[in-house]
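Residue numbers (our numbering), protein chains in the order written: chain A, 2 to 371; chain B, 2 to 371.
Input: a single structure, listed below in structure tokens.
Right, here's the structure in full:
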């Protein structure tokens with residue numbers, strides 16, 4: 002079965018919307034934040050911990066799994082769900098963003114991308130067909146089309162050429178995709194240019210994918226430009242398909258994305274911040290290494306319903322961080338991921354109540370207080 | 002309330018015995034393996050994971066907590082149980098072993114031990130009184146007397162002098178101990194010498210502690226000598242008090258210890274091995290980094306009831322190890338600790354059936370097969 006997006010409610014004042022995405026591994030409500038399990042695990046966490054946070058879907062990285070342990074081993078294990086013991090929906094990206102962010106040197110042609118492995122420097126060649134072949138073997142619920150992630154700022158002519166090529170790559174990937182139980186999403190590119198984003202959204206939609214994402218964001222473009230990139234595209238995407246904004250996990254960006262019609266977000270931010278001792282709170286990020294928390298016997302955030310806040314104090318987590326204990330990163334990962342998932346739950350409620358803009362203004366006021 | 006040891010059954014052919022230790026934080030059956038939570042956490046694990054493994058009691062290190070975060074902070078948190086969110090019994094050691102194993106230079110006098118911090122090299126002075134004062138503040142269920150851990154081999158005259166001093170230290174500690182809810186255990190020293198071990202066991206017993214441990218083991222003396230150190234002491238310890246062998250966690254040593262009348266063991270071995278990719282099995286230790294496990298889609302050990310074996314394959318854990326994912330150490334810590342706790346459960350059954358020696362022989366035959 003392919004995923005099916007069910008639209009539940011459109012907010013009155015914005016493009017915000019509530020829905021449900023039905024998959025072969027269960028349904029989940031949108032808007033939703035998707036934790037990242039790069040190497041077939043969300044760093045330090047078990048699936049049970051993710052279920053407990055109401056995680057609807059997780060992401061895993063095709064590029065990383067292609068290199069380690071290799072798609073064939075995951076396939077022999079019975080696919081990614083069995084390999085990593087995750088019973089909920091899984092989305093795999095296409096490798097396009099990793100080629101952009103990790104590869105030291107790359108040579109992009111019509112055929113695909115030649116680049117060096119970030120692990121051992123060996124020669125790699127990723128094409129739209131190869132990316133889909135690998136994802137077919139991984140057997141995720143949702144595969145992403147292989148695209149070129151354009152940097153920022155981008156020359157208009159290059160952005161145009163690349164966006165058109167990404168479209169051809171999307172078609173090539175779609176043509177070879179052959180996994181009846183896996184959905185395939187298209188990716189909108191177009192850099193920072195309104196006409197290219199519109200063109201990409203319309204033409205990608207014409208190819209007919211099971212869902213659509215907006216790529217080429219979180220590449221250093223700044224918030225205002227990112228919000229525009231979304232605005233340029235979402236009006237031209239079909240209303241009956243789910244929309245996913247790639248690589249975005251800052252709380253304010255999630256809110257602004259939802260306002261502009263986005264349903265799903267992913268980002269390594271909550272786990273990466275956690276490993277460095279940072280925690281999201283509604284009054285902004287705090288760093289638990291700070292000595293002012295030495296004797297603070299309250300939870301990371303008052304009223305937070307996560308496992309960490311229900312059981313541990315800032316003083317304890319600070320002690321673990323000061324002692325380089327791994328448990329600190331684990332506890333803060335739980336808090337930070339739950340924070341973003343809870344944020345999407347609150348956004349759903351705001352959509353139901355048609356007060357999304359009010360919710361945003363209050364959130365930002367508190368978040369930027371410190 | 003002080004801990005109370007209830008003797009349930011003596012094995013016919015050995016000194017092995019089954020019992021229950023009653024504490025203020027619940028009762029647990031002995032023999033029992035005690036996981037080590039050096040810095041107020043069993044590395045990478047939560048209390049819930051320890052409860053699920055049937056962990057009866059955990060150990061935490063006075064020396065480490067004294068330095069970080071400091072006894073006063075733990076005390077202000079409401080004691081160690083509240084600080085680390087552990088609801089079961091906790092034993093704290095005295096710091097004696099850490100002075101022996103971690104301190105670069107040390108100066109031992111009748112008063113106590115002057116040494117340098119292993120963290121920042123600053124001057125520290127630990128005395129029997131100070132150790133007890135710190136443990137009183139930590140508010141563990143069981144405090145250990147401050148002792149000198151004699152190395153191996155030891156000069157007889159030195160061992161004699163040190164053992165007599167440890168006895169005086171035990172008395173000094175007992176005199177200042179003032180925590181009605183905390184039990185205090187004595188430690189038998191005496192190096193490798195039969196008469197000194199006997200002397201230490203008898204004289205320490207005369208002081209009247211709530212339980213007794215055998216120290217000065219696991220200092221490079223080899224298995225045969227260690228087993229003798231136990232044999233020299235246990236016959237002279239009171240039968241109605243629990244007996245704890247310090248720092249021993251090799252499966253065969255646990256079995257040999259139980260045969261010689263030991264009730265409780267502790268060791269960092271299961272968690273340390275786990276972080277290096279090693280797993281206990283009944284057919285000996287295996288290293289999951291080995292490439293032969295690349296496509297091994299079976300659990301670490303067949304029929305093991307731990308969370309890891311019920312949910313993950315060797316191929317997956319090998320992948321996590323190869324990718325330096327922290328989850329690997331966490332999953333193997335769960336397996337290894339559960340392996341040792343399950344071993345003590347099996348030993349209890351063997352004691353009930355009066356076939357402890359047979360159990361040992363079969364275990365060793367399998368364990369040393371590879």
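Think of the CB as a built atom: it goes at the ideal place given N, C-alpha and C, for glycine as much as any other residue.
When you compare only the Cα positions, how much space is there between residue i and residue j?
i                      : j                      : result
residue 239 of chain B : residue 102 of chain B : 29 Å
residue 274 of chain B : residue 88 of chain A  : 29 Å
residue 314 of chain A : residue 131 of chain A : 48 Å
residue 209 of chain B : residue 38 of chain A  : 55 Å
residue 245 of chain B : residue 171 of chain B : 16 Å
residue 106 of chain B : residue 321 of chain A : 27 Å
residue 277 of chain B : residue 168 of chain B : 38 Å
residue 21 of chain A  : residue 234 of chain A : 21 Å
residue 293 of chain A : residue 31 of chain A  : 38 Å
residue 327 of chain B : residue 286 of chain B : 20 Å
residue 372 of chain A : residue 176 of chain A : The requested residue 372 of chain A is not part of the displayed model; chain A covers only 2 to 371.
residue 369 of chain B : residue 253 of chain B : 10 Å
residue 338 of chain B : residue 43 of chain B  : 10 Å
residue 33 of chain B  : residue 14 of chain B  : 20 Å
residue 199 of chain A : residue 237 of chain A : 7 Å
residue 224 of chain B : residue 150 of chain B : 17 Å
residue 179 of chain B : residue 144 of chain B : 11 Å
residue 251 of chain B : residue 191 of chain B : 22 Å
residue 303 of chain B : residue 92 of chain B  : 33 Å
residue 355 of chain B : residue 282 of chain B : 24 Å
residue 100 of chain A : residue 64 of chain A  : 8 Å
residue 127 of chain A : residue 114 of chain A : 5 Å
Under three-state DSSP, which class holds residue i?
i                      : result
residue 162 of chain A : helix
residue 351 of chain B : helix
residue 70 of chain B  : coil
residue 126 of chain B : strand
residue 225 of chain B : helix
residue 268 of chain A : strand
residue 61 of chain A  : strand
residue 368 of chain B : helix
residue 81 of chain A  : helix
residue 142 of chain B : coil
residue 14 of chain A  : coil
residue 40 of chain B  : coil
residue 336 of chain B : helix
residue 1 of chain B   : Outside the displayed range of chain B (2 to 371) lies residue 1 of chain B, so it cannot be described from this structure.
residue 177 of chain B : helix
residue 363 of chain B : helix
residue 156 of chain B : coil
residue 93 of chain A  : strand
Using beta carbons (cut-off 9 Å, strictly below), is residue i in contact with chain B?
i                      : result
residue 54 of chain A  : no
residue 302 of chain A : no
residue 29 of chain A  : no
residue 122 of chain A : no
residue 46 of chain A  : yes
Does any C-beta atom of chain A lie closer than 9 Å to the C-beta of residue i?
i                      : result
residue 103 of chain B : no
residue 64 of chain B  : no
residue 36 of chain B  : no
residue 96 of chain B  : no
residue 295 of chain B : yes
residue 419 of chain B : Absent from the structure is residue 419 of chain B, since the part of chain B shown begins at 2 and ends at 371.
With a threshold of 6 Å on Cβ separation, who are the neighbours of residue i within its own chain once the five nearest residues in sequence on each side are excluded?
i                      : result
residue 182 of chain B : 25
residue 45 of chain B  : 330, 331 and 334
residue 367 of chain A : 283 and 284
For residue i, collect the residues of the same chain with a Cβ closer than 7 Å to its Cβ; drop the 5 residues on either side in sequence, then sort them by chain order.
i                      : result
residue 73 of chain A  : 138
residue 41 of chain A  : 61, 66, 81, 84 and 85
residue 11 of chain A  : 18
residue 231 of chain B : 215, 246, 258, 261 and 263
residue 78 of chain B  : 84
residue 218 of chain B : 227, 230, 246, 247, 248 and 249
residue 256 of chain A : 348, 361 and 364
residue 295 of chain B : 316 and 319
Considering only residues of the same chain and omitting the five flanking positions on each side of residue i, which have a CB-CB separation below 8 Å?
i                      : result
residue 120 of chain B : 68 and 69
residue 221 of chain A : 152 and 153
residue 142 of chain B : 4, 24, 25, 26, 58, 90, 91, 92, 182, 183 and 184
Which runs of the beta strand (DSSP E), 3 residues or longer, sit entirely within the segment 202-260 of chain A?
-> 212-215 and 243-246
Inside the segment 278-324 of chain B only - alpha helix (DSSP H) runs reaching at least 4 residues = 308-312 and 315-323
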